[in-house]
């Protein structure tokens, strides 16, 4: 009786979990960074107007400028108060038209319900002058 060759013996398979751990850590980092950007866009608390209908917001985009208008008319971006001139410069930097990845620039306005419409109108007119066609307004849905 002849014994099988040592070279024909199968070695037990080992499961390598290192790549899976790498992917898990990358996902954790991604969600931490995404939540940071979402919080930084909404850092100033404002009493949003109530709307009967609304659409859920998508994930933050690098081609989006979120402008917060407080009740006293003060403007801010990312929690930092800026003058109207600085805000208008930021809108000019977005400039209209598609970006290299096919996304259109977008301006989101988070206005307090007690803010004067004049501030909002100025922003809309400036966006139109710079070919920014995607303007969204943040609203809150009625409490049920």
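Residue numbers (our numbering): 1095 to 1238.
Glycine included, every Cβ here is placed at the ideal spot set by N, Cα and C.
Query	Result
Residue 1109: first and last residue of the uninterrupted alpha helix (DSSP H) it sits in	Careful: residue 1109 lies outside any alpha helix (DSSP H) and carries neither H nor E.
N- and C-terminal bounds of the alpha helix (DSSP H) containing residue 1184	1178 to 1188
Boundaries (first-last residue) of the beta strand (DSSP E) holding residue 1200	1200 to 1205
Contacting residues, own chain, Cβ-Cβ under 6 Å from residue 1118 (five flanking each side not counted)	none
Residue 1169: first and last residue of the uninterrupted beta strand (DSSP E) it sits in	1169 to 1171
Segment limits, beta strand (DSSP E) that includes residue 1158	1158 to 1163
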